Each structure stands twice: as C-alpha cells, then as structure tokens.
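This report concerns only the one structure given below.
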Amino acid sequence: MQAQDSTLDSASTMEHLSFPHDYKNGVMYASIKRGNVIEDICAQKADIKALQTDGKLPELTTITMEEYANNGGVRGQLNRYIIMQKRDKKWRFEAFNADKRLNTAENTNRCLSCHTSSLSGEDIVFTLDSMRNLRK
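Residues in the sequence shown are numbered consecutively from 5, following the numbering used here.
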C-alpha cells in the first residue's frame, strides 16, 4: 500500500465542497486584474477578524473567488467561481460554473499545487496580506 501525501487534499478524492450561497454576506477584500480575468475575492468578516487578531485563519474559513472576463479593466461576463476552504489545517479547492453548479471537469489540483509550491505555512492564501490590512 502506497503512503498518501498528507499535505495535499484534492476534491477528487473526497466529498465535494458545497457552494457557499451566503458568501456575499461577507467582505470583498480584494479585486485582482490578472491577464484576461478579474478576480473578486470574498471572505466572512469573522474569519478576517480572527486572522487580524490571532494571526491564522480559523477552521472552515471559506474564500470565494468570482472570476470575470477582463474587458479592458472592466468586469465582463462571470466565468466561474473558485472556492477554497480550510479543513484540518489543510486547504481544499472546488470549482463552480457561473450558474453555481459544481464543475467536476475543472482540475482544482492545479490550484492547490500553485498555492502549496508558492507559499509556506498553514494559510496558503496569496491574498493573506490584503485580509490582514483590511480596516476593521
């Protein structure tokens, strides 16, 4: 029997994350123009406050990214959502279509691989500083 890498959690080997329908009750704390897309990134106020107070994001923190077409710096059509959620100090990723249906064709291991190879520590979130610096 082969040992499993405990640092990586993939949606393909576990139950899928649910779409966080209440994500708009949180805060859009970052908007990033990246090539031909604009990414609006949201998290719950309580999770951001916990990071600012305790230095770490709490268990079950859910970050929702809305990905839009970048039409010359203006948001175009909503392409998809990417959800990342912290479970047992590990991060899981899930992709959803613009209509909020699960997109099982999306390889979210690609997201996880980029985050884990680029960042270290428990909270492998590229926008962590944006959360830390958000006014309370």
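Glycine residues also receive a C-beta, built at the ideal position from the N, C-alpha and C atoms. Treat the numbers as computed from the prediction; the structure is a model and nothing was measured.
Burial state of residue i (16 or more Cβ within 10 Å)
i      : result
Asp51  : buried
Thr57  : exposed
Cys115 : buried
Pro24  : buried
Arg139 : exposed
CB-CB length for residue i against residue j, believed under 8 Å
i      : j     : result
Gly177 : Gln48 : What the structure shows of the chain is the stretch from 5 to 140, and residue 177 is not part of that stretch, so it cannot be assessed.
Thr65  : Lys37 : In fact, because the Cβ distance is near 24 Å, the residues do not count as touching under 8 Å.
Rounded C-alpha distance that separates residue i from residue j
i      : j      : result
Val129 : Ile67  : 9 Å
Asp26  : Gly39  : 28 Å
Glu19  : Asn101 : 18 Å
Thr112 : Gly77  : 26 Å
Ala54  : Leu61  : 6 Å
Leu21  : Glu98  : 6 Å
Nearest to residue i (by Cα), restricted to the options the options
i      : options                       : result
Lys93  : Ser121, Gly125 and Lys104     : Gly125
Glu63  : Leu132, Leu138 and Asp127     : Asp127
Ile45  : Ala54, Leu61, Met69 and Lys28 : Met69
Asp133 : Tyr33, Asn74 and Glu110       : Tyr33
Reduced DSSP secondary structure (H/G/I, E/B, other) of residue i
i      : result
Gln8   : Bear in mind that the predicted position of Gln8 carries a pLDDT of just 37, short of 50, making it too unreliable to give a figure here.
Ala109 : coil
Lys60  : coil
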